[in-house]
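The next block holds one structure in the form of structure tokens; read it before the comments.
There are 2 protein chains.
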Amino acid sequence: MIKKVQKSGVTAAAGVQAAGIHAGFKKRKKDMALLYFPDGATVAGVFTKNKVKAAPVQYDQQALQQHDRFKAILVNSGNANACTGKQGKADVEETVKLLAAELNIQPEEVLVSSTGVIGMFMNMETMRKGVKAIAPELSEFGGAAASKAIMTTDTVPKEVSFTFEVDGKTATIGGMVKGSGMIHPNLGTMLGYITTDVAISQTALHAMLLKAADATFNHATVDGDTSTNDSVFVAATGKLANPLIASAEDAGYAEVEAAVLSICSQLAQLLVKDGEGATKFVEVIVSGAKTMADAVSIGKSVATSSLVKTAMFGEDANWGRVITAAGYADTEYFDADVIDIAFSSKNGEIQLCEAGMGVVFDEELAKKILEADEINILIDLHLGTEAASTWTCDFSYDYVKINADYRS
Amino acid sequence: MIKKVQKSGVTAAAGVQAAGIHAGFKKRKKDMALLYFPDGATVAGVFTKNKVKAAPVQYDQQALQQHDRFKAILVNSGNANACTGKQGKADVEETVKLLAAELNIQPEEVLVSSTGVIGMFMNMETMRKGVKAIAPELSEFGGAAASKAIMTTDTVPKEVSFTFEVDGKTATIGGMVKGSGMIHPNLGTMLGYITTDVAISQTALHAMLLKAADATFNHATVDGDTSTNDSVFVAATGKLANPLIASAEDAGYAEVEAAVLSICSQLAQLLVKDGEGATKFVEVIVSGAKTMADAVSIGKSVATSSLVKTAMFGEDANWGRVITAAGYADTEYFDADVIDIAFSSKNGEIQLCEAGMGVVFDEELAKKILEADEINILIDLHLGTEAASTWTCDFSYDYVKINADYRS
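Pasting the structure below:
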């Protein structure tokens, strides 16, 4: 009898192995993950904009400027190795060498990530033991274990994979993610790892990742509100054996770009849905903006407003909080007297504000719409043709109950 | 027997009467306040920067440009009269005329404020009855009632008064405030009313108020994160009969400026301390900045960080969250490698981060320091000589308990 094993997330693409173990940075839970590309992979990354950058982030940024192919990415949770000065840098370098020796590869082929407490030196004894213990666990079925090992306060592991067409062949892309930036007060860092089997240059991969991260992870959190360790990597093993994609003119570029965008989008939505205690996924769709920057700014302002998020939890059609948050967004063009606001979900759509004024609406229908798990807040600025989506979740904790019924 | 009655808050200064009643905008609680200056007062105001401005805010801004002396300010809670279009404007104008007729004054001598739900038309029937009912209640001892009537979700009325010296005489200043901007997710609007008996020009008063609001209310909340109705007024009755203060060169200017700053500071701190469920008052003191804008930006970034506020509630010396919030502030000059961070309270002071790196510290002492009701977070940027304070409170709700112990 042949047992069919479905490879998950980060190990879905050919040429990727992974492992996830308990090394000892945390008391009991898995806390060390390893991605391994036996024949190498082209890697691109995007990193936190915070002016305080953790030691591994600084290391990776330099490594990715100097090289384009790598064989391993080691991740630990439980200690961020941030604000650790020279010792932190030395610890990263030692870790890189330890892992390279263990895997019999070159130190220049290793990247590292860390997440956890800031300002504490890495327990290198634990790291040494962990590196020795994790290497033998590597497997092309290790994606699920790796996705558990990168978690901190995440409630569920988050992984995605799917196939798409490149050069007449079936390409695969998969990924895993942890944490979130702004959405949950308890989570500092977001880390993301995406792998694919296409053959592509680092320049092309980096351009796609930048564009995708800006349209997804940065719309699920808030620009600038980044931790010291935020990192997203894409690794391409080339096992598909397609003709190398080096520029936007090359065949397959558009398909890979769409796949990277799609997986980033799916991973970002998983982050939002894992908002601690979140009961609703909320998409703020701003249209009719004169500039894209205005659409994004208003979307983020509304999506991060505690008042809007508590109203969503309370299933209260309090559009006044929406227009208030829109009004304090940093925008170039804004006219409070022409804005329309509506709420929609699988249960219907209801107009609440027309030309900046409240309209009489059916409270029963509004309540029904807001009872859904996924809600859209639709804002039409009527000033132009630009539009943008921003994702958030409701605030669903007990303390919020106090605020949720403020309108009534 | 003579009963000594202490005039409170907004009626402490000579020439001011006030009242606070239940008009019916809310079910049971007081919801209408009136300030009355029988012989007139010079009034200055500062208002929300939100692009969506409530009808009364629009009215007051215009009125204060056209006139400098007023006799009455009417306030209702329960309905913001925001996003109400032409009807909202008409309702303000009708309210002004109603009150003028009731008090036998000119409509140009009336100002109005509203706070409450956005996007609903004012119940003018309630307004008419309220105006009739409140006028006979006016009294020079009505400050306490007025301070109750402007409350929405405030847990306590907030009023302050004190005397100071001008021109060799004892001047009085008093005030009341409600709500807060950013600090409490449940509160939309902040309203403030300050009265004094000095004789001063509108221009001078306005300059003082602008400066004071920027250094106090704007440091307790966040610039831009303003409701549709935020307003702070200062009214000066001139009953002290000092020589008119018209410019910064005039005798008494510095004293009044200091008094306005002091009362705004005290009222802003009352706002912060009334943070729903707040157990701690936190002052973030940023020093060593190269520019004042950098000091303010970092102070606000740290003071509004949910991660920092939950750590304060958890009495956890998690300075990593402080440096992270500092690192994503919008600053011109910032060097992560030279920052010092310390916590202090009446129980002592402890250095946690030196030159951007964690230092080994006494966890017991840190805990003892953070057990105090009032905590200072001290951040020295070591880049210059500018400094700024920002006030906030902790996040103390049940849901926060989950986050408060993340570090351990």
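Those sequence lines, one after another, are chains A and B.
Letter 362 of the first sequence, counting from 1, is numbered 356 in this note's numbering, and no numbers are missing.
Letter 39 of the second sequence, counting from 1, is numbered 33 in this note's numbering, and no numbers are missing.
C-beta atoms are modelled at their ideal positions from N, C-alpha and C, and glycine is treated no differently.
Same chain, Cβ closer than 7 Å to residue i, five either side skipped, listed in chain order
i       : result
E88(A)  : M118
D268(A) : D148, T149, V150 and K152
M114(A) : N73
I257(A) : V154, I167, G169 and I188
H200(A) : A38
I479(A) : Absent from the model: residue 479(A). The displayed extent of chain A is -5 to 402, so no value can be given.
D161(A) : N236, P237, A245 and G246
Same chain, Cβ closer than 6 Å to residue i, five either side skipped, listed in chain order
i       : result
V226(A) : V40, G186 and A207
G110(A) : S71, G72, N73 and A74
L301(A) : R315
A138(B) : S2
G124(B) : A17 and M26
W313(A) : I335, L346 and C347
A253(A) : F158 and I167
R22(A)  : none
V290(A) : A382
L132(A) : Q11, A13 and Y30
H61(B)  : E102
Residues near residue i in its chain [Cβ-Cβ closer than 8 Å; skip 5 each side]
i       : result
L255(A) : M202, K205, A206, A209 and T210
G342(A) : L359, K362 and I363
Exposure label - residue i; buried when at least 16 CB within 10 Å
i       : result
P151(A) : buried
P50(A)  : buried
K233(A) : buried
K98(B)  : For clarity, residue 98(B) is Asn in the given sequence; the question names Lys instead. Classification for N98(B): exposed.
V86(B)  : buried
T235(A) : Before going on, a small fix: residue 235(A) reads as Ala here, not Thr. Label assigned to A235(A): exposed.
A95(B)  : exposed
M286(A) : exposed
A76(A)  : buried
T146(A) : buried
Q56(B)  : exposed
F389(B) : buried
T190(A) : buried
P179(B) : Any reading at P179(B) must be qualified, since the residue scores a pLDDT of 46, below 50, and its modelled position is unreliable; the value itself is stated next. It counts as buried.
T197(A) : exposed
T5(B)   : buried
Local conformation of residue i per DSSP, three classes
i        : result
F404(B)  : Residue 404(B) is absent from the structure shown; chain B starts at -5 and stops at 402.
K294(B)  : helix
N223(B)  : coil
S259(A)  : helix
V332(B)  : coil
M176(B)  : With a pLDDT of 45 at M176(B), under the threshold of 50, the predicted position of this residue should be treated as unreliable, though the coordinate-derived value follows. The answer is coil: DSSP assigns M176(B) none of H, G, I, E or B.
N397(A)  : Here the model assigns N397(A) a pLDDT of 40, short of 50, so the residue's position is not dependable and the matter cannot be decided.
Q100(B)  : coil
H254(B)  : The displayed chain sequence assigns Val, not His, to residue 254(B). Three-state DSSP puts V254(B) in a helix.
I144(A)  : coil
D374(A)  : strand
R63(A)   : strand
M116(A)  : coil
K362(B)  : helix
D418(B)  : Residue 418(B) lies beyond the range of chain B shown here (-5 to 402); nothing can be said about it.
T210(B)  : coil
V4(A)    : helix
S281(A)  : strand
G72(B)   : strand
M(-5)(A) : Unreliable placement is indicated for M(-5)(A), whose pLDDT of 47 sits below 50; no coordinate value is reported for it.
CB contact check: residue i to chain D, cutoff 8 Å
i       : result
T220(B) : Absence of chain D from the displayed structure is noted, the protein chains being A and B.
inquiry  = What are the residues in the stretch 351 to 374 of chain B lying within 8 Å of chain A by C-beta distance?
reply    = M351 and G352
contact_flag[the stretch 322 to 331 of chain A, the stretch 231 to 251 of chain A] where n(CB pairs < 8 Å) is 3 or more = no
task = Check each residue of the stretch 44 to 63 of chain B: if its Cβ is closer than 8 Å to any Cβ of chain A, include it; give the result in chain order.
result = N44, K45, V46 and K47
key: Any 3 or more C-beta pairs closer than 8 Å across the stretch -2 to 15 of chain B and the stretch 25 to 39 of chain B   = yes
ask   = Between the stretch 96 to 114 of chain A and chain B, which residues of the former have CB atoms less than 8 Å from a CB of the latter, in chain order?
value = V111, I112, G113 and M114
key: Segment contact flag, the stretch 366 to 374 of chain B with the stretch 337 to 353 of chain B, C-beta cutoff 8 Å, min 3 pairs   = yes
request  = Could you list the residues in the stretch 304 to 322 of chain B with a C-beta less than 7 Å from some C-beta on chain A, going in chain order?
outcome  = T304, W313, G314, I317, T318, G321 and Y322
inquiry  = Counting only Cβ-Cβ distances shorter than 7 Å, please list the residues of the stretch 78 to 95 of chain B near chain A, keeping chain order.
reply    = T78 and G79
query = What residues from the stretch 334 to 351 of chain B come within 7 Å of chain A, judged by C-beta to C-beta, listed N to C?
reply = C347, G350 and M351
inquiry  = Which residues of the stretch 16 to 29 of chain A have a Cβ closer than 8 Å to any Cβ of chain B? Give them in chain order.
reply    = none
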